[in-house]
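Quick note: the sequence shown uses the working numbering, first residue 5, plus one each step. Positions of the beta carbon are idealized from the N, C-alpha and C atoms, including for glycine. Since the structure is predicted, the reported quantities are computational estimates derived from the model, not experimental observations.
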Amino acid sequence: MAAFAEGSPCWADATLPDLRAGERFYGELFGWTFTEGGEGTDAGPGFPRHSRAYLDGRPIAALVAKRDGRMPTVWGIHLATPDLAATVEKVRGAGGTVLTGPVAASDAGRSATVADPDGAVFSVWQAGERPGFGVTDVPGSFCWTEVYVRNADAADAFYPAVFGYELQAPPFDAGDFKAWTLPESGRQVAGRAIVGDVLPPEMPPHFLVYFRVGDVGDALRTVRRGGGRVLVDRQEIPGATFAVVVDNQGAAFAVMDGASAADGEPAGAESARGEAEPPSAPATSADGT
Numbered sequence: 005m006a007a008f009a010e011g012s013p014c015w016a017d018a019t020l021p022d023l024r025a026g027e028r029f030y031g032e033l034f035g036w037t038f039t040e041g042g043e044g045t046d047a048g049p050g051f052p053r054h055s056r057a058y059l060d061g062r063p064i065a066a067l068v069a070k071r072d073g074r075m076p077t078v079w080g081i082h083l084a085t086p087d088l089a090a091t092v093e094k095v096r097g098a099g100g101t102v103l104t105g106p107v108a109a110s111d112a113g114r115s116a117t118v119a120d121p122d123g124a125v126f127s128v129w130q131a132g133e134r135p136g137f138g139v140t141d142v143p144g145s146f147c148w149t150e151v152y153v154r155n156a157d158a159a160d161a162f163y164p165a166v167f168g169y170e171l172q173a174p175p176f177d178a179g180d181f182k183a184w185t186l187p188e189s190g191r192q193v194a195g196r197a198i199v200g201d202v203l204p205p206e207m208p209p210h211f212l213v214y215f216r217v218g219d220v221g222d223a224l225r226t227v228r229r230g231g232g233r234v235l236v237d238r239q240e241i242p243g244a245t246f247a248v249v250v251d252n253q254g255a256a257f258a259v260m261d262g263a264s265a266a267d268g269e270p271a272g273a274e275s276a277r278g279e280a281e282p283p284s285a286p287a288t289s290a291d292g293t
């Protein structure tokens with residue numbers, strides 16, 4: 005079973021008002037299948053209804069039912085930690101906010117939802133029996149994430165303080181973008197960008213989740229056919245094309261073909277890149293893990 009290095013993206017979930025509509029949209033776009041015939045399950049007291057998504061039998065993501073109409077319709081990212089309590093204290097010490105948790109998801113693991121000093125929300129996951137993604141960086145799976153902020157200096161202090169990242173500029177002109185590199189392996193796992201560089205400036209600080217596709221043009225046609233829309237049309241970076249889209253319920257995410265957003269190695273688990281042993285029945289945390 006693959007272990008994700010500290011600070012590596014290990015899971016993604018979308019909070020949606022209609023699980024069935026989400027299953028239709030993402031099933032058509034990525035070829036995902038879902039547990040429980042699309043009805044979702046109850047993980048236990050206090051946990052929302054959800055559907056687990058699979059690609060060729062491997063866990064990919066979760067769709068989580070909104071329990072309150074005031075909740076945002078969004079994709080969220082989970083970052084791995086070996087010690088949730090210590091990471092939560094680092095979040096507080098670096099100027100972030102703990103929104104929920106820590107909370108246990110049965111034997112699957114423990115999670116907390118936090119926000120950086122700019123207000124970008126993410127979750128932290130300490131794995132138990134379920135490490136997270138069963139596969140990454142293949143068509144239909146997670147391949148990258150980056151946080152969009154307004155205060156670059158605050159973000160560049162916060163995330164290294166919490167996860168030990170080293171900041172690295174890409175080998176091409178990307179404005180004020182910085183990649184997050186794991187200190188021990190040198191692997192680039194995520195990045196920091198500025199709201200307004202690519203996305204509309206009125207968008208709040210947030211994490212953007214990327215999924216690998218075979219061809220961005222084909223993916224955009226499928227998005228539109230499924231009732232979604234294109235927020236940022238095709239953008240070229242060396243060796244890759246990406247676009248930012250919104251699903252049929254309003255959750256934004258990105259699709260990418262070619263190389264990964266930084267150096268082509270977004271996965272934090274050595275065996276996660278198309279080779280991870282899939283959990284037999286991944287449990288879902290309060291955030292869908």
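Cut-off 7 Å between Cβ atoms - residues of its own chain near residue i, not counting five sequence neighbours on either side
i, result
"Gly268", "Because Gly268 sits at a pLDDT of 38, beneath the cut-off of 50, its placement in the model cannot be relied upon, and the following sentence gives the value as read from the coordinates. Contacts found: none."
"Lys182", "Asp160, Leu171, Gln172, Ala173, Gly195, Arg196"
Three-state class that DSSP yields for residue i in the structure shown
i, result
"Ala18", "strand"
"Gly41", "Its pLDDT being 37, under 50, Gly41 is placed unreliably in this model, and the value from its coordinates should be taken loosely. Note: Gly41 maps to helix in three-state DSSP."
"Thr185", "strand"
"Asp152", "It should be pointed out that residue 152 corresponds to Tyr in this sequence rather than to Asp. DSSP places Tyr152 in strand when its eight states are reduced to three."
"Leu171", "strand"
"Glu93", "helix"
"Phe146", "strand"
"Phe211", "strand"
"Ala159", "helix"
"Pro135", "coil"
Same chain, Cβ closer than 6 Å to residue i, neighbours up to 5 away in sequence not counted
i, result
"Val125", "Ala119"
"Ser289", "Because Ser289 sits at a pLDDT of 46, beneath the cut-off of 50, its placement in the model cannot be relied upon, and the point is left open."
"Pro187", "Gly168, Glu170"
"Ala255", "Ala18, Thr77, Val78, Trp79"
"Thr149", "Pro13, Ile81, Ala194, Phe211, Val213"
Beta-carbon contacts of residue i that lie in its chain and below 8 Å, excluding the five residues immediately before and after
i, result
"Asp180", "Ala156, Ala197, Ile198, Asp201"
One or two residues paired with residue i in a DSSP bridge
i, result
"Arg56", "Ala66"
"Thr104", "Thr117"
"Met260", "Arg216, Phe246"
"Ala84", "Trp129"
"Gly221", "Answer is none; Gly221 lacks a bridge partner."
"Gln192", "Thr185"
"Gln239", "Phe246"
"Ala109", "Gly113"
Assumed close pair residue i, residue j - CB separation to whole angstroms, cut-off 8 Å
i, j, result
"Leu67", "Val227", "So it is not a contact: roughly 16 Å between Cβ atoms."
"Thr245", "Gly262", "6 Å"
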